[in-house]
Ligand code: FAQ
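As structure tokens, this is what we get:
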């Protein structure tokens, strides 16, 4: 290391300390964080859409209130994450532009449709469950603002996961038709939730770098494996099965063996060809355009206030 900042950076990483926004950091570290954190933020924001689809049709006032609160939590997570990403020197406008122009990715999972009320249970249980598995280690991310944001986000995600589990439990204790609805939702969300962890390690171009920098603490496959280990006993409590005939405990590895995952599906969805990609993007663009007057009014108000302060 030639630059004194670089030596300090390497030392901070090696000693498991944290990098703060004003610390020197390699450009590639900054770019990786902007990429991952902004895509994480976009996922939270786009992730509001599949669940919002059921707010007006939730089966009771209580369920509706809970779902509204959950969707608002996702908006909050998006906003924290945008703020944390701004500490790296990118503006909110630039990130928004990347999202609505399609230049930035967001999680594949939010491109699947929510066909029945049971999907809200399956999303909470499987999607928020996968999010927790992936994000708990991110609380120890070497970039401090990201790690700090993750602490609160994970607490809220745990709550979300329980509400999803409870929706499915209620359905599984209901009529045969409700049980079928719950099982059908689990069948449709299971594989896509495993794909949330990203491509297999051998095809994950960013993993080695991100792990060396202690942004990621575990590989995509390790976290996927941990997730399945968590799900299996919970599925037994619910009384649901997974659509994987090859899923079985491997005594030697002390982990579950999984059947083959259709990685071409993940590639298609990331490439924009998932069932709802076009719809999600169109909604996001419309919401952005509809919000233009709010941004203009806020900017005008801020300008007036600043001018008055100078008088
Ligand atoms: N979808 O080399 P890797 C939530 C991309 S949870 C789309 O392995 P990396 C909560 C990847 O970006 C969901 N793209 O990349 C919620 C990369 O492309 P790039 C959000 C994917 O970064 C619940 C390329 O493939 N969570 O929102 C996916 O080391 C309910 C190669 O992959 C996070 O974002 C995918 N599934 O590892 C909200 C967590 N997988 O960027 C509402 C933070 C991979 O080079 C309702 N992110 N790609 O152009 C991460 O942990 C990582 O970024 C991974 C990917 C693990 C997602």
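Residue numbers (our numbering): 181 to 491. Think of the CB as a built atom: it goes at the ideal place given N, C-alpha and C, for glycine as much as any other residue. Values in this document were obtained by computation on a predicted structure and should not be read as measured data.
Based on the DSSP output, what are the partners of residue i in its beta bridges?
{"i": "residue 300", "result": "Paired residue(s): none; residue 300 is not in a bridge."}
{"i": "residue 214", "result": "Its beta-bridge partners do not exist; DSSP assigns none."}
{"i": "residue 323", "result": "199"}
Once you ignore the five residues that flank residue i on each side, which residues in its own chain have a CB closer than 6 angstroms to its CB?
{"i": "residue 465", "result": "280"}
{"i": "residue 407", "result": "310, 313"}
{"i": "residue 201", "result": "267"}
{"i": "residue 404", "result": "374, 377"}
{"i": "residue 302", "result": "365, 366, 369"}
{"i": "residue 457", "result": "291"}
{"i": "residue 352", "result": "359, 362, 418, 419"}
{"i": "residue 251", "result": "228, 231, 232"}
{"i": "residue 185", "result": "204"}
{"i": "residue 340", "result": "250, 304, 308"}
Hey, could you find the ends of the alpha helix (DSSP H) residue i is sitting in?
{"i": "residue 387", "result": "387-392"}
{"i": "residue 185", "result": "184-194"}
{"i": "residue 474", "result": "472-490"}
Within its chain, find whatever has a CB closer than 8 angstroms to the CB of residue i; leave out the 5 residues flanking it on each side and keep chain order.
{"i": "residue 399", "result": "381, 384, 387, 391"}
{"i": "residue 376", "result": "287, 288, 289, 307, 310, 311, 314"}
{"i": "residue 425", "result": "439"}
{"i": "residue 213", "result": "265, 268, 323, 326, 395"}
{"i": "residue 235", "result": "244, 247, 248, 251"}
{"i": "residue 430", "result": "436, 437"}
Within a Cβ cutoff of 7 angstroms, which residues of the same chain sit near residue i, ignoring the five residues on either side of it in sequence?
{"i": "residue 322", "result": "193, 198, 199, 393, 394, 395"}
{"i": "residue 320", "result": "327, 397"}
{"i": "residue 337", "result": "308, 311, 312, 315"}
{"i": "residue 261", "result": "217, 220, 221, 224, 329"}
Within 8 angstroms of any Cβ in chain E, is that where the Cβ of residue i sits?
{"i": "residue 328", "result": "Within the model displayed, chain E is absent; a lone protein chain is all it includes."}
*With a floor of 4 residues, list each alpha helix (DSSP H) that falls wholly inside the segment 396-464, ordered by position along the chain.*
400-418, 443-448
*Kindly provide the ranges of any alpha helix (DSSP H) runs that are 4 or more residues long and lie completely inside the segment 315-379, ordered along the chain.*
324-352, 356-375
*Output the residue ranges of the alpha helix (DSSP H) runs that lie fully inside the segment 229-279 and measure 4 residues or longer, sorted by chain position.*
241-266
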